[in-house]
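This report refers to the structure that appears directly beneath it.
Number of protein chains: 2
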Amino acid sequence: MTAGAPPAIGNLDYGARFGFDVLHRDPASRARVGRLRTPHGTIETPNFIFCATKASIKGVSPQQMREARTDIILSNTYHLMIQPGADVVAALGGLHRFMGWDGPMLTDSGGFQIFSMGHGSVADEIKGRRSQPRERTLTRVSEKGAEFRSYLDGSKLFLSPETSIDIQRKLGADLVVQLDECTPFHVDRDYTARSMALSHRWGDRSLAEFARGGGMSANGEPQALYGIIQGGVYPDLRRESAEYTRGRPFFGTAVGGSLGASKEQMYEVVAMCMPYVHPDRPVHLLGIGGIADVFAGVRLGIDTFDCVSPTRIARHGWALAPGAPGERLNLRNARFRSDPGPVEPGCDCATCRTWSRGYLHHLLRAGELLGPTLISIHNVAVMNRLMRDVRAALADGTLDALEARWVAA
Amino acid sequence: MTAGAPPAIGNLDYGARFGFDVLHRDPASRARVGRLRTPHGTIETPNFIFCATKASIKGVSPQQMREARTDIILSNTYHLMIQPGADVVAALGGLHRFMGWDGPMLTDSGGFQIFSMGHGSVADEIKGRRSQPRERTLTRVSEKGAEFRSYLDGSKLFLSPETSIDIQRKLGADLVVQLDECTPFHVDRDYTARSMALSHRWGDRSLAEFARGGGMSANGEPQALYGIIQGGVYPDLRRESAEYTRGRPFFGTAVGGSLGASKEQMYEVVAMCMPYVHPDRPVHLLGIGGIADVFAGVRLGIDTFDCVSPTRIARHGWALAPGAPGERLNLRNARFRSDPGPVEPGCDCATCRTWSRGYLHHLLRAGELLGPTLISIHNVAVMNRLMRDVRAALADGTLDALEARWVAA
Chain A
1 MTAGAPPAIG
11 NLDYGARFGF
21 DVLHRDPASR
31 ARVGRLRTPH
41 GTIETPNFIF
51 CATKASIKGV
61 SPQQMREART
71 DIILSNTYHL
81 MIQPGADVVA
91 ALGGLHRFMG
101 WDGPMLTDSG
111 GFQIFSMGHG
121 SVADEIKGRR
131 SQPRERTLTR
141 VSEKGAEFRS
151 YLDGSKLFLS
161 PETSIDIQRK
171 LGADLVVQLD
181 ECTPFHVDRD
191 YTARSMALSH
201 RWGDRSLAEF
211 ARGGGMSANG
221 EPQALYGIIQ
231 GGVYPDLRRE
241 SAEYTRGRPF
251 FGTAVGGSLG
261 ASKEQMYEVV
271 AMCMPYVHPD
281 RPVHLLGIGG
291 IADVFAGVRL
301 GIDTFDCVSP
311 TRIARHGWAL
321 APGAPGERLN
331 LRNARFRSDP
341 GPVEPGCDCA
351 TCRTWSRGYL
361 HHLLRAGELL
371 GPTLISIHNV
381 AVMNRLMRDV
391 RAALADGTLD
401 ALEARWVAA
Chain B
410 MTAGAPPAIG
420 NLDYGARFGF
430 DVLHRDPASR
440 ARVGRLRTPH
450 GTIETPNFIF
460 CATKASIKGV
470 SPQQMREART
480 DIILSNTYHL
490 MIQPGADVVA
500 ALGGLHRFMG
510 WDGPMLTDSG
520 GFQIFSMGHG
530 SVADEIKGRR
540 SQPRERTLTR
550 VSEKGAEFRS
560 YLDGSKLFLS
570 PETSIDIQRK
580 LGADLVVQLD
590 ECTPFHVDRD
600 YTARSMALSH
610 RWGDRSLAEF
620 ARGGGMSANG
630 EPQALYGIIQ
640 GGVYPDLRRE
650 SAEYTRGRPF
660 FGTAVGGSLG
670 ASKEQMYEVV
680 AMCMPYVHPD
690 RPVHLLGIGG
700 IADVFAGVRL
710 GIDTFDCVSP
720 TRIARHGWAL
730 APGAPGERLN
740 LRNARFRSDP
750 GPVEPGCDCA
760 TCRTWSRGYL
770 HHLLRAGELL
780 GPTLISIHNV
790 AVMNRLMRDV
800 RAALADGTLD
810 ALEARWVAA
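These protein sequences, in sequence, are chains A and B. Going by this note's numbering, the letters in the first sequence line up with residues 1 to 409, in that order. Going by this note's numbering, the letters in the second sequence line up with residues 410 to 818, in that order.
Shown next as C-alpha cells:
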C-alpha cells in the first residue's frame with residue numbers, strides 16, 4: 001500500500017482536493033489497483049474514460065451513463081473551442097453544469113486533434129487503420145504554438161500551451177492536459193527528438209500558466225494537470241520523455257504521441273515508458289481502449305484509458321460481446337431479425353434487461369435514433385463491467401483467468 | 410356521472426378488460442372528463458397519444474417517456490407490416506414486449522398512410538400544409554381492399570379489413586382501429602359518399618374478423634376495436650357515418666378522413682360528427698394535436714388525440730413554449746447561444762430541470778443526437794402537462810382561463 005504524495009506546483013498543493021493512492025500491486029506485472037480523488041468524486045482504477053467529444057456522449061444522457069455505472073468522462077478542447085467556444089461554456093457554468101454531468105471529468109489539450117487532422121494521418125496510424133487522404137487543416141507549428149483552421153468554417157485559430165490551459169480553465173474539467181505536438185509515426189528519429197523537446201518546453205509553459213491561474217477553473221474549482229510522454233517509437237526518447245514528466249510537478253502522466261504501426265508496437269511503446277514514469281502518479285493511456293488493449297495496458301501499469309470506440313461502433317450497429325470474434329456482434333446482420341435473446345446473455349444493463357436483439361436489429365434497419373442509444377448503453381455498461389472485473393481480478397490475483405473469459409483466443 | 414356500458418360483439422364482452430366511464434361533463438360544451446380502462450392500465454381523458462411510428466418514439470426511451478408522465482402511445486400498422494413485419498413482432502412477444510412499453514397502446518389500421526402516401530396529398534391537406542408532389546404508391550382500391558407498394562423496396566402489398574385486423578392482432582396493442590378509405594378533401598360529394606359506404610362495409614368486415622379471432626391478440630390478450638367516421642366535409646355524410654359507428658358494436662369511435670382545408674373547417678367537421686356518436690364510447694381524433702387544437706377538440710367532445718408533432722418538431726429544434734407565438738421556440742436561433750435559462754421557466758421536466766437553452770442550442774448546432782432527444786422529452790412533458798391541466802380545469806369549470814394561459818392571443 002503506497003499513498004502517493006501529491007506534488008506541489010509553486011505554492012499550489014493538489015492534495016487539498018486531488019489524490020491518487022495505490023491500494024494493491026499485482027506481483028506478476030506492473031498492474032495496480034488505485035483510487036483517484038477529484039473534486040467531483042473518487043474513482044477506482046484501472047478505469048475507463050468515455051468520450052463526450054462535444055460535451056455530449058452521442059445519444060446517451062448523463063443519467064443513462066450513470067445507470068450504465070460510468071465513473072468518469074472526457075470532452076475535447078479542440079471541438080469545444082470551435083463550438084460553442086470556451087467562453088460560452090464558462091458563461092453557462094463550466095462543463096459539468098453545461099452538460100449535466102456531476103462526476104469526474106477530463107479535458108484533453110486540443111493537440112491530438114490539431115495534429116491528427118492537420119497531418120491527416122496520426123489518428124489512423126495510432127489506431128492501426130489504413131491511412132486515407134484528408135484535408136490538411138494545420139497551417140503552421142512554431143515555438144509559440146500551432147496555427148490551424150476551424151473544421152466548421154475554415155477560420156484561422158491558434159493554440160499555444162497558454163491558450164490551451166486558459167480554455168481548459170474555462171471548460172472547468174477536474175483533470176486537464178498539457179499541449180503537445182503529436183507527430184506521425186513514420187517521421188525519423190531527429191524529427192521526433194526535436195518535436196519531443198518542443199513538447200517538453202510546452203509542458204513547462206503549461207505548468208507555468210497553470211500555476212499562474214492558481215490551478216483553478218474559471219468557476220473557482222481546483223484542477224489537476226497531466227504531463228504527456230512523447231518520443232515516438234524510440235526507446236531512449238520515450239525514457240527521456242517519461243523522466244521529463246517525472247521531474248516536473250504534474251499531477252498525472254499521460255502516454256501520448258505515436259504509439260506505433262500495430263497493436264504489438266503500441267504495447268512495446270507503452271512498455272518503454274512505464275519503468276520511468278513517476279510511480280505515485282496516475283497514468284493515462286490516450287485514445288486506446290479495446291478489450292484486449294485494456295488487459296495489455298493494465299499489465300503495463302496503465303491506470304486509465306479512453307477511447308471513442310464503445311459509442312462509435314454502437315452507431316454502426318456493433319454491440320460489444322466479450323469472447324466473440326472481434327469482441328463484437330453486428331446487430332444489423334439478418335440472423336438477428338427474430339432473435340428474442342438479449343445482446344449478451346447475463347448482462348444486467350438496461351438494454352439487455354429490456355430489449356431483444358430482434359428489436360435492436362429492427363431499430364437499426366429502420367434508422368431509428370433509439371438504436372445507437374440502446375447499443376451505446378450496452379457497450380458502455382460492458383466497458384464498465386470489464387473495468388470492475390479487472391480491479392477485482394487484480395485484487396484476487398486472477399487476471400489471467402479473467403482475460404481468458406473476456407478475450408477470444 | 411355516467412358509466413358506459415361496453416357493447417358486446419357476438420359473444421364477446423369488452424367489459425371484462427376494457428371500460429370507459431365519463432366522470433364529469435362540462436356544462437358549457439361537449440367536453441368531458443373520463444377514465445379509459447385497458448389491460449395495460451387505466452388512463453384519464455382527455456389525453457394525448459404519442460406516436461411511436463415504427464415501435465419507437467424517435468430518440469426517447471420508454472423510461473424517459475414515463476418520466477415525462479406519458480400514459481399512452483401508438484404505433485403504425487402500415488410501417489410495421491413493412492418493417493420488421495407483423496410476424497416478427499408477434500414472435501418477439503407483441504408490441505408491448507418488443508419495444509419495452511408496458512402501458513396502454515393503440516395501433517391504427519394502416520389506411521391513413523396507404524391513402525395519404527398513395528394520393529400524395531391527404532396528410533398535407535389534413536394538416537393544412539401546402540401540397541407537394543410525392544411518389545404515388547397506391548396502385549388499386551377495390552371492394553376487397555387496397556393494393557400498394559412498399560415504401561422500402563417497392564414490392565406489392567395488399568391490405569384488406571381482414572388483413573389489417575390480423576396484423577393488429579399480431580402487433581397486440583390494446584386498442585385497434587378498423588380499415589377505412591381516406592379520401593382527399595377536394596373530391597366531390599358523390600365520390601365521398603361512395604367511399605364512406607365502402608368504409609362502412611369495411612367496418613362491418615373488420616368487426617366480423619375481430620369477432621372471429623375472439624377479440625384477442627396473437628399473444629392471447631384482449632383487444633378493443635374502434636370504428637371510424639368518414640364523410641369528408643359534408644354534414645349529412647358525417648352524420649350518417651357517425652350513426653353507422655353508433656349502431657355497430659365498436660368499443661370506441663375515431664373521427665377520421667379529410668378534416669377540411671383549414672383548422673376552422675377541421676373544427677366544423679368534428680362538430681358535424683359529435684352530436685351523433687355513441688355517447689358512452691371514447692372518441693379519438695386521428696392525427697390532430699396542436700395546443701390550440703386540443704382546446705377546440707376537447708370542447709367538441711374529443712377524449713383522445715394523437716399527433717407526431719411534439720417529437721417531430723423537436724428534431725428540427727423547436728421546443729413547445731405555451732403562450733409563445735406559434736406555441737414554440739426555435740432553439741437553433743443564435744439568441745439562445747449563451748442563454749442560461751431552461752427551455753420553459755417553471756417546467757419540471759427532466760430537460761428543464763437539468764439543461765439550459767444554451768446547451769440545447771449547442772447540441773443542435775453540433776448535430777448531436779442528444780439534442781432532439783432532450784427537446785422531445787420537454788415537448789412530451791408539455792403535452793402531458795397540458796392534458797392534466799385540461800382535465801383539472803374541466804373539473805373546476807376553468808377551461809377558458811386555462812386556454813388563455815396556454816394559447817397566445
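Glycine included, C-beta positions come from ideal geometry on N, C-alpha and C.
Using CA atoms only, rank isn't needed, just tell me which of the options is closest to residue i.
{"i": "D575 of chain B", "options": "B:P593, B:A663 and B:L634", "result": "B:L634"}
{"i": "C761 of chain B", "options": "B:N788, B:I523, B:L772 and B:A775", "result": "B:N788"}
{"i": "G317 of chain A", "options": "A:L36, A:R246 and A:G367", "result": "A:G367"}
{"i": "D597 of chain B", "options": "B:L607, B:Y643, B:S608 and B:R610", "result": "B:Y643"}
{"i": "L286 of chain A", "options": "A:A68, A:G252 and A:V33", "result": "A:G252"}
{"i": "M577 of chain B", "options": "B:D496, B:F557, B:S608 and B:W611", "result": "One detail in the question is off: residue 577 of chain B reads as Gln in this sequence, not Met. The residue with the shortest Cα to Cα distance from Q577 of chain B is B:D496."}
{"i": "L459 of chain B", "options": "B:R426, B:V431 and B:M514", "result": "Reading the sequence as shown, one finds Phe at residue 459 of chain B and not Leu. Looking at the Cα atoms, B:M514 is the closest of the given residues."}
{"i": "I481 of chain B", "options": "B:L811, B:M792, B:R814 and B:A810", "result": "B:M792"}
{"i": "V177 of chain A", "options": "A:G290, A:A52 and A:Q223", "result": "A:Q223"}
{"i": "G755 of chain B", "options": "B:L772, B:T782 and B:R794", "result": "B:R794"}
{"i": "S438 of chain B", "options": "B:L709, B:N742 and B:H609", "result": "B:L709"}
{"i": "Y244 of chain A", "options": "A:Y78, A:S199, A:V89 and A:I291", "result": "A:S199"}
What does a CB cutoff of less than 6 angstroms around residue i pick up in its chain, not counting 5 residues either side in sequence?
{"i": "C273 of chain A", "result": "I229, R238, A242 and V255"}
{"i": "G231 of chain A", "result": "M196, L237, R238 and S241"}
{"i": "K58 of chain A", "result": "T311"}
{"i": "L738 of chain B", "result": "A728 and A730"}
{"i": "G520 of chain B", "result": "L588, D589 and C591"}
Considering only residues of the same chain and omitting the five flanking positions on each side of residue i, which have a CB-CB separation below 7 angstroms?
{"i": "D102 of chain A", "result": "H40 and H96"}
{"i": "S56 of chain A", "result": "M99"}
{"i": "M387 of chain A", "result": "P46, N47 and F48"}
{"i": "A193 of chain A", "result": "L237"}
{"i": "P340 of chain A", "result": "S356 and G358"}
{"i": "C395 of chain B", "result": "Residue coverage of chain B in this structure runs from 410 to 818, which leaves residue 395 of chain B outside it and unanswerable."}
Check the Cβ of residue i against every Cβ in chain B and list those closer than 7 angstroms, keeping chain order.
{"i": "T354 of chain A", "result": "G509"}
{"i": "Y359 of chain A", "result": "L501, F507 and M508"}
Could you check what DSSP says for residue i in three-state terms: helix, strand or coil?
{"i": "A495 of chain B", "result": "helix"}
{"i": "L779 of chain B", "result": "helix"}
{"i": "D798 of chain B", "result": "helix"}
{"i": "N628 of chain B", "result": "coil"}
{"i": "A743 of chain B", "result": "helix"}
{"i": "I126 of chain A", "result": "Here I126 of chain A scores only 49 on pLDDT, less than 50, and its place in the model is too uncertain to base an answer on."}
{"i": "E590 of chain B", "result": "coil"}
{"i": "E812 of chain B", "result": "helix"}
{"i": "F18 of chain A", "result": "coil"}
{"i": "L501 of chain B", "result": "coil"}
{"i": "W727 of chain B", "result": "strand"}
{"i": "F659 of chain B", "result": "coil"}
{"i": "V294 of chain A", "result": "helix"}
Just the chain A side, please: which residues come within less than 7 angstroms of residue i by C-beta, in chain order?
{"i": "A775 of chain B", "result": "K54 and Q83"}
{"i": "S671 of chain B", "result": "Ordered by position in chain A, no residue passes the 7 angstroms Cβ test against S671 of chain B, which lies about 33 angstroms from the chain."}
Following a CB-centred definition, is residue i positioned closer than 6 angstroms to any heavy atom of the ligand FMN?
{"i": "A393 of chain A", "result": "Looking at this structure, you won't find the ligand FMN or any other ligand, since it has none at all."}
For a contact meaning CB atoms closer than 8 angstroms, what does residue i contact in chain A?
{"i": "R746 of chain B", "result": "P84 and V88"}
{"i": "H725 of chain B", "result": "Those do not exist, as H725 of chain B stays about 14 angstroms from chain A at its closest Cβ, beyond 8 angstroms."}
{"i": "K467 of chain B", "result": "E368, L369 and L370"}
{"i": "S559 of chain B", "result": "Here the premise fails: no neighbours, minimum Cβ distance about 13 angstroms."}
Got a sec: is the Cβ-Cβ distance from residue i to anything in chain C below 7 angstroms?
{"i": "H362 of chain A", "result": "Absent from the structure: chain C. Protein chains present are A and B."}
Please list, in chain order, all residues of the same chain as residue i whose beta carbon is under 8 angstroms from its beta carbon, the five residues on each side excluded.
{"i": "S747 of chain B", "result": "G767"}
{"i": "T479 of chain B", "result": "F459, G512, V789 and N793"}
What residues of chain B sit near residue i, judged by a beta carbon separation below 9 angstroms?
{"i": "S206 of chain A", "result": "Chain B residues near S206 of chain A: none, gap ~27 angstroms exceeds 9 angstroms."}
Using a C-beta to C-beta distance shorter than 8 angstroms, which residues of chain B count as neighbours of residue i?
{"i": "P340 of chain A", "result": "A500, L501 and G502"}
Task: Touch test, the region 74-84 of chain A against the region 143-158 of chain A, Cβ-Cβ under 8 angstroms, three pairs minimum - done: yes
TODO: Say whether the region 257-265 of chain A touches the region 178-186 of chain A, bearing in mind that this needs 3 or more beta-carbon pairs closer than 8 angstroms, one atom from each stretch.
DONE: yes
Task: Three-pair Cβ contact test at 8 angstroms for the region 168-178 of chain A versus the region 216-223 of chain A - done: yes
- [ ] Kindly confirm or deny that the region 697-711 of chain B and the region 467-475 of chain B touch, where touching means at least three C-beta pairs closer than 8 angstroms.
- [x] no
- [ ] Decide yes or no for the touch test of the region 19-27 of chain A against the region 391-409 of chain A: beta carbon pairs closer than 8 angstroms, at least 3 of them.
- [x] yes
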